[in-house]
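Take a look at the structure below.
Protein chains: 2
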Amino acid sequence: MNKILAKSLIDASEKRCICDLVIKNANVVDVYNKDSFLADVYVKDGYIVGFNGDRKASREYDANGRFLVPALIDAHCHIESSHLSPSEFSDAVVPNGTGTVIADPHEICNVTGLDGMRYMLKASENIPLSVFLMFPSCVPATPFEHAGAVLNAEDVEEFIHSERVLGLGEMMNYPGVAGADDAVLDKLSKAYENKKIIDGHVPSISGASLDSYVVADIKTDHECENADEAREKIRKGMYVMLRQGTACQNVLTNVKAVNAKNYMRFLFCTDDRQPQSITREGHVNYGVSLAIRDGLDPYIAISMATLNPSICYGLEDRGAIAPGKRADFFLTDDISKGLKADEVFLLGNLVAKGGKIIEKAEHVKAFNVSGRMDVKGFSIKSLELPLKTDKARAIEIIAGGVVTKEAIVSVNRDENGNWLYNDKEDVLKIAVIERHHGTGLSSVALIKGYGLKGGAVATSIAHDSHNIIVVGSNDDDMALAVNKLVSCGGGITMFKDGRELMTHPLEIAGLMTDSTLNEVTSCLDSMSRIAKIELQVSEDIDPFMTLSFMALPVIPKLKITDSGLFDVSSFCFVDISV
Amino acid sequence: MNKILAKSLIDASEKRCICDLVIKNANVVDVYNKDSFLADVYVKDGYIVGFNGDRKASREYDANGRFLVPALIDAHCHIESSHLSPSEFSDAVVPNGTGTVIADPHEICNVTGLDGMRYMLKASENIPLSVFLMFPSCVPATPFEHAGAVLNAEDVEEFIHSERVLGLGEMMNYPGVAGADDAVLDKLSKAYENKKIIDGHVPSISGASLDSYVVADIKTDHECENADEAREKIRKGMYVMLRQGTACQNVLTNVKAVNAKNYMRFLFCTDDRQPQSITREGHVNYGVSLAIRDGLDPYIAISMATLNPSICYGLEDRGAIAPGKRADFFLTDDISKGLKADEVFLLGNLVAKGGKIIEKAEHVKAFNVSGRMDVKGFSIKSLELPLKTDKARAIEIIAGGVVTKEAIVSVNRDENGNWLYNDKEDVLKIAVIERHHGTGLSSVALIKGYGLKGGAVATSIAHDSHNIIVVGSNDDDMALAVNKLVSCGGGITMFKDGRELMTHPLEIAGLMTDSTLNEVTSCLDSMSRIAKIELQVSEDIDPFMTLSFMALPVIPKLKITDSGLFDVSSFCFVDISV
C-alpha cells in the first residue's frame, strides 16, 4: 500500500470517485471464514475496494452467481521446467487461474550465474503474472559436476534487497546446514539480516536431524514423502508444500496429513512442471483439484493455495478477496469437484477467458543468457568407452521417477577394449559433455532401460548443472546430436543414421525458449512420438525428461556427471568396469 | 536469527556443544497441529534447539509429564492501565505466563508526547517481558480537549525504524480515514513505507463503511461487540481480538464467532487491565481461560494467544515450541479448564514460579515523564458553577461501563446563581483542570449516580487527555484534592472535611508508579473501601475508573473536558443550564 493508492481506494469506497470495475452477483470465496457470500465486488486502480454499497463503476462484469476465487499462488516453482520464457510462462499459467508464482531460478543460474537472476527479474517485471524470485542457494548443486557458475553469499547482496526477491531458494545442502558450514551460514545470514525467507528441501530427514536444519530458520519443505513426515515438519514449525510437478508428485500422499487443526501450515506448489503437463492438466489448479477430488474441503484447499502462501511469504496484498487486496481472481462454475478458471482477472484486468489469454504478455528479449555453449575439444573420440572387463556397471532407469538403480551388465568390446553396442541388449552409451567453461571435460557410461534401438537423443537440460547429456547406440549419431545442440545454443535433438530427426531449440541458456506453450507442447509431442516410433524409446518413460535427470548426482542411485559415473549412495565416483 | 546464534543452535543440536537447559518429560503443546507430544526440550542461548535426540544439557528441569505451553502474547494493551512502570508490569504479568506484549503507549504520549515513547522503549528494554510498541496514532484523541502533545506523521519517523516498534497504534479516527484526511494518510504512510502494521479500532462499523477503513490496510480490531461483527471483520481481512480488559470485555461474546474454519484470524488482548484485575484474575491467561471454559478447544485457544499474534505481527521468533524459536514457555498441570502458569521460562530462564517472580526486573528510573503538572491559575474560584436556571443537564453514570446518559436535574442555586449541593440528591460537581501547558483552562459540570456524600475524589488518569478530573460535594475538598495531585505529580486522592483520606501517587506522568503490583492493588483496595464507606460512593461502580472515563469525549453520551460539557452524539459542547 502507499498513500496515493490508499487515498484513491478510500475515495472510491466512499463514492467520492467512480470505481473502474464491478463484478456483479459473484459468489465470493472467503478464505478467512472458509465459506462464500453473494456480493458485487468493486475494483479501483487494480485493487478491491469493497462489497456492494451502491457504488458506481465504469465497467460491469456479471458473474451470474458463479464463484469468484482468489488467484492462486504457486509457492515454489522453477519456471525453466516449462521450457518457456517468463512472458510465455505467464501466458501459459495465467489461464489456469495462477496469479503469482514464487520462482527459484536455480536452473538458469546454474548455467548463467547472476545473469540468470538479472534476466529472470527483468523478463518477469511487466507481465500479468506476478513473479517473485528466491535467490538460488545451491549453485552449483553439487561439487561433483561443473556448473556454469558458483554463487556465494556476496552474490546474494545484489538481489536480496529487491522487493521481488523474497529470500533464499531451497537449501538442498543438508550436510552444509547440519555441519554449520561457514559458507552456508553466510548465505543464510543474508536472509536473516534482511528479514527474508529461506525455503527448504529435506527429503526423508526427521527427528533430531530435522531439528538441526529447522533450527536455522528454514521455513518450508516440498519434499515430504508421506503424511507422518509432513506432520513432523509442521510440528517443528515448517510450512509443508503439496507438490504436483510432472515427475515428482506428492499431493495425494501429503493431503492425508491435512486436517482441521493444521491446514493453515500447508501450501501448494508445482516445483517442476513440464509444458505438456501444463497444457493437458493445468498448473497449481491441478494440484488443488486433485486434493479436492480426494475429499479435501474446497475452501480449505483454496486457502492453501491463496491465503496460506500469502502469509508464509509476506505477500500481504494478495491471497484473498477483501478490501485493499489486489483484484487478482477468477470466475468458475463449481469448486466442489476441482478448480477450472473461466475468466481470470489480474489487477482488475480480464487477462484470460476459457483457457486462453486475451493479450500476449510483454516480451523482453533474452540478454546475456543466450547461446551458452562453450564446448571445447569435443569430438567423436570423446565418446569412446574403453572397458577393462566384460562386466560393467550401468545406470538402470526406474520408470516413472528420477531415482535409478545400479545394474551389472555383460558387454561386448572391440579389439581395443572399447564398448560395442549389442542390439539384443537394452544397454546404451550415455555421455555428459561440459558446456559452460570450455574445460573439455566429458564422461561416458552405460544406461539400461531406455529402450532406444539405433540413433541418439541429446539435451542441454540436465539437472542441475545442465551440461549436454546424450544417449545413443552409436558414436556418430551421438556426436552429431551434441554438435547440433552446440550450434543451435541448446535444446533437445534426435539423430538417426546420420540424419537429424527433429530438434526443439532452447535458445535461452539451453533451457528455455520464446516459443509459446502450444508450440512447445506440439513440438515435444511430435518428438516423443518420433522417439517412441523411430527410435523405439521405452513406452513407459518420457524420452527427454528421463534423460534430464540422469546427471543429477543428489538423487540415488547411479548418475553420470561430466566427471564420471557417480554413486549417490556412497557419494563417490565409481568405475564402470566391474 | 543471526549467524552466531544459528551456528550455536546447530552445533548444540548436532551435539558438538552442550545445551544450557533441558525440560525433561514435557507434554509439549504443538500449536501448529493443535495437539501435544511427550518430549525432552533442549535449549541453548535462550532458544529451543530441538526435541529428544540424546543431547546433553548443563541444567535439567523435570516437567513430570506436565504441559509445556508457549508463553502468551498480549496482542494489544496499554501498560499505563496497570498503573505500573514497565519493569513492575513485567513482574506483574510474567507470572501469569505472558511473555510478550504489544503495547500502545497512547496514554503516556497524550501526557508527555515523544518523551513517553522514549521512556517506554528504554524502560522496557532489558526486562524479562518482551515489550513491542505501536506508535500512538491518535494523540490527541480528540480536538475537544487539550492533551499534553500533538503527534504528527513526522514524529513517527524517529521511532518507526526500531525493531521494537511494530507499527501504528489503534487508528481511532474513523472519520479521518474514511475522509482520506491528509494528516491521517501521512501517518498511515509511515507504516506503509516501512512495511509495518496498523492496528484498528472500529466499534460498530460495518458494511461499506467498514470497507473504507479496511481498504487502508488496517489490520486488526479489538472492538467487536458481537459475533456477526467479528465474522464480517474477519471476512474483510482483519484479525479480530478477543479482549478481556477490566471495563471492556468481549471474550465471551466474540468467542461465539470462532470456529474450525477461521480460528487463525483471532487473537487475545487485554487492552486496559487495572492492577486489581491482574492481581485477582490474571492477565492474557484469564481471557484464554474464559474461552476454554466456554468450550473453545484449549489448543485452538492457546494458538490464538501464541501462534496467531506471532503471525499477525511478524514475530517469527516466538509463539510456538519448535526448533529455532525463543525458549519462552510455561509449565502447567492442565489446559482443559483454563491456563494457570506454574513455572514460567523466558529465553530459557526460570523467571516465575507459583505466581511469583524469581528476581525483580531491571528498573529504569523515569526520565522526562515525571511530575507533569503544569497547572496555572487554578483556585477554589475555578470550581464555581453559575447556572442560568433551576434545571440543568447532568452526566448520568451507567454502572458497569464507560457509556453515560444525559439527565436533566433540578438544582438549588445561591444568591449569585451558583450551584448548591443538596445532600438529598445524588448530584455532584465534576470538574476538569488542564494540566499540561498551564493554559489555565478548566470547566465544571454536574454528575448524577456517583453516590458520594460529602468530600471529593480526584485523579490525573482521565482518558484520553489525562487532565485532572475531580468530583465532589464541596469546592473546598475539591480544591484540596486538585492541589494535592499537583503537588505530588499526579495520582488518585480523596479528601473529606478538609482532610486527606488517602492518596495513590502516580509519579510517572500522573499515570504510573514504580510501586509493585501488590502495593498498588493493596492501596487501591483500601482507597475503594474508604470511598465506599467514608464517602459513600455507589456500591456498583469503581470509584476511580468510573471517574477516569468521564472525560473521554469519544464515547457517548455526555462527557466533560477542560473546555466544557460535551455531547458525543451531536459532537459539540452544550450548555449546562437547560
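Here the protein sequences line up with chains R and F, keeping their order. In this text, residue positions in the first sequence follow our numbering: the first is 17, and each later residue adds one. In this text, residue positions in the second sequence follow our numbering: the first is 17, and each later residue adds one. Think of the CB as a built atom: it goes at the ideal place given N, C-alpha and C, for glycine as much as any other residue. As the structure is a computational prediction, the values presented were derived from the model and not from experiment.
Exercise for review: Could you check the C-alpha separation between F/His217 and F/Ala263 for me, to the nearest Å?
Suggested key: F/His217 and F/Ala263 have their C-alpha atoms some 16 Å from each other.
Exercise for review: Identify the continuous beta strand (DSSP E) that holds R/His92 and give its terminal residues.
Suggested key: Note, R/His92: beta strand (DSSP E), Leu88 to Cys93.
Exercise for review: Count the C-beta pairs between the stretch 407–420 of chain F and the stretch 154–164 of chain F that are closer than 8 Å, then say yes if the count reaches three, no if not.
Suggested key: Not touching, per the Cβ criterion.
**Study point:** Rounded C-alpha distance that separates R/Phe345 from R/Asp215
**Key:** Going from the Cα of R/Phe345 to the Cα of R/Asp215 covers about 26 Å.
Practice item. Identify each residue in the stretch 49–62 of chain R for which the Cβ-Cβ distance to at least one residue of chain F is less than 8 Å, and report them in chain order. Key: Taking 8 Å as the Cβ-Cβ cut-off against chain F, the residues of the stretch 49–62 of chain R that qualify are Asn49, Lys50, Asp51 and Phe53.
Review point. Relative to the alpha-carbon of F/Phe560, which residue among F/Asp107, F/Phe148 and F/Tyr466 has its alpha-carbon at the smallest distance?
Key: If we check each option's Cα against that of F/Phe560, F/Tyr466 comes out closest.
Exercise for review: Can you give me, in chain order, the residues of the stretch 168–185 of chain R that have a beta carbon less than 8 Å from any beta carbon in chain F?
Suggested key: Per Cβ criterion, the list is empty.
Point to revise | Given 8 Å, three or more beta-carbon pairs between the stretch 57–71 of chain R and the stretch 357–366 of chain R | key: Output reads yes: the stretch 357–366 of chain R touches the stretch 57–71 of chain R.
Check your understanding: What does F/Lys252 touch in chain R if you count any residue whose Cβ is under 7 Å from its own?
Key -> Simply Ala338 and Pro339.
Review point. Under a three-way DSSP split, which group does F/Gln290 fall into?
Key: DSSP places F/Gln290 in coil when its eight states are reduced to three.
Exercise for review: Output yes if chain R places a C-beta closer than 8 Å to the C-beta of F/Glu30; else output no.
Suggested key: Taking Cβ atoms only, chain R reaches closer than 8 Å to F/Glu30, which makes this a yes.
Point to revise | Residues near R/Val584 by beta carbon distance below 8 Å, same chain, minus five either side | key: Excluding residues up to 5 positions away in sequence, Pro569, Val570, Ile571, Pro572, Lys573, Leu574 and Lys575 lie with their Cβ nearer than 8 Å to the Cβ of R/Val584 in the same chain.
Practice item. Using three-state DSSP, classify F/Arg309 as helix, strand or coil. Key: Under the three-state reduction of DSSP output, F/Arg309 falls in the helix class.
Review point. If we count Cβ pairs, one from each stretch, closer than 8 Å, do we get three or more for the stretch 28–39 of chain R versus the stretch 75–88 of chain R?
Key: Three or more Cβ pairs drawn from the stretch 28–39 of chain R and the stretch 75–88 of chain R lie within less than 8 Å of each other, which places the two stretches in contact.
Review point. Of the residues that make up the stretch 204–238 of chain R, which ones have a beta carbon closer than 7 Å to any beta carbon in chain F?
Key: Within the stretch 204–238 of chain R, the qualifying residues are Leu204, Ser205, Tyr208, Gly223, Ala224, Asp227, Ser228, Val230, Val231, Ala232 and Asp233.
**Study point:** Boundaries (first-last residue) of the beta strand (DSSP E) holding F/Tyr48
**Key:** Premise fails: F/Tyr48 is in no beta strand (DSSP E) and is neither H nor E.
Check your understanding: Closer than 8 Å, CB to CB, is F/Ile118 near chain R or not?
Key -> It does not: the Cβ of F/Ile118 has no partner Cβ on chain R nearer than 8 Å.
Review point. Residues in its own chain within less than 8 Å of F/Lys597 by CB, not counting five upstream and five downstream?
Key: Missing from the structure shown is residue 597 of chain F; chain F here goes from 17 to 594 and no further.
Review point. Is the Cβ-Cβ distance between F/Pro291 and F/His479 less than 8 Å?
Key: Contact annotation: F/Pro291 and F/His479 have beta-carbon atoms that are not nearer than 8 Å.
**Study point:** Neighbourhood of R/Leu401 by C-beta, 8 Å cutoff - its chain only, sequence neighbours within 5 removed
**Key:** Counting only Cβ-Cβ distances below 8 Å, and skipping sequence neighbours, we find Asn434, Trp435, Lys445, Val460, Ala461, Leu462 and Ile592.
Review point. Beta carbon of F/Asp493, beta carbon of F/Gly514: below 8 Å?
Key: For F/Asp493 and F/Gly514, yes; Cβs fall inside 8 Å.
Check your understanding: DSSP state of F/Ile508, grouped into three classes?
Key -> Assignment of F/Ile508 by DSSP, reduced to helix, strand and coil, places it in the strand class.
Exercise for review: Please confirm if the stretch 140–158 of chain R is in contact with the stretch 172–185 of chain R, defined as three or more CB-CB distances below 8 Å between the two stretches.
Suggested key: Because the criterion of three Cβ pairs below 8 Å is met, the stretch 140–158 of chain R and the stretch 172–185 of chain R touch.
**Study point:** CB-CB length for F/Leu331 against F/Thr116, believed under 8 Å
**Key:** Contact between F/Leu331 and F/Thr116 holds, since their C-beta atoms are separated by about 7 Å, short of 8 Å.
Exercise for review: Measure the C-alpha to C-alpha separation of R/Val109 and F/Asp358 and round it to an integer number of angstroms.
Suggested key: CA-CA distance, R/Val109 to F/Asp358, rounds to 54 Å.
Review point. R/Glu170 lies in the beta strand (DSSP E); which residues open and close that run?
Key: Annotation for R/Glu170: no beta strand (DSSP E) segment contains it, though the alpha helix (DSSP H) segment containing it runs Ala169 to Ile176.
Review point. Can you find a CB in chain F that lies within less than 8 Å of the CB of R/Lys72?
Key: Not an interface residue.
Review point. Taking Cβ-Cβ distances below 9 Å as the criterion, which residues of the stretch 385–412 of chain F are in contact with chain R?
Key: Hits within the stretch: zero.
Review point. Going by Cα to Cα distance, which pick from R/Thr455, R/Ile508 and R/Lys381 is closest to R/Phe394?
Key: Comparing Cα-Cα distances from R/Phe394 to each of R/Thr455, R/Ile508 and R/Lys381, the minimum goes to R/Thr455.
Point to revise | Nonlocal neighbours in the same chain, by C-beta distance under 7 Å from R/Asn278, ignoring five residues either side | key: Within the same chain, R/Asn278 has close Cβ partners Ile250.
Review point. Does the stretch 323–341 of chain R come close enough to the stretch 89–98 of chain R that 3 or more CB-CB pairs lie under 8 Å?
Key: Yes, the stretch 89–98 of chain R is in contact with the stretch 323–341 of chain R.
Review point. Shorter than 8 Å from the beta carbon of F/Asn278 to some beta carbon of chain R?
Key: Yes, F/Asn278 lies at the interface with chain R (some Cβ there is under 8 Å from its Cβ).
Check your understanding: What residues in its chain sit with their C-beta under 6 Å from that of R/Ser319, if we drop five residues either side in the sequence?
Key -> Only Val47 meet the Cβ criterion.
Review point. Quick one: does F/Leu201 have its CB under 8 Å from some CB of chain R?
Key: Yes, contact with chain R.
Point to revise | Candidates F/Pro152, F/Asn432 and F/Lys206, of which the one nearest F/Gly185 by Cα | key: When each option's Cα is compared against that of F/Gly185, the closest is F/Pro152.
Point to revise | Beta carbon proximity, F/Lys40 to chain R, threshold 8 Å | key: For F/Lys40, the answer is no, since every Cβ of chain R falls outside 8 Å of its Cβ.
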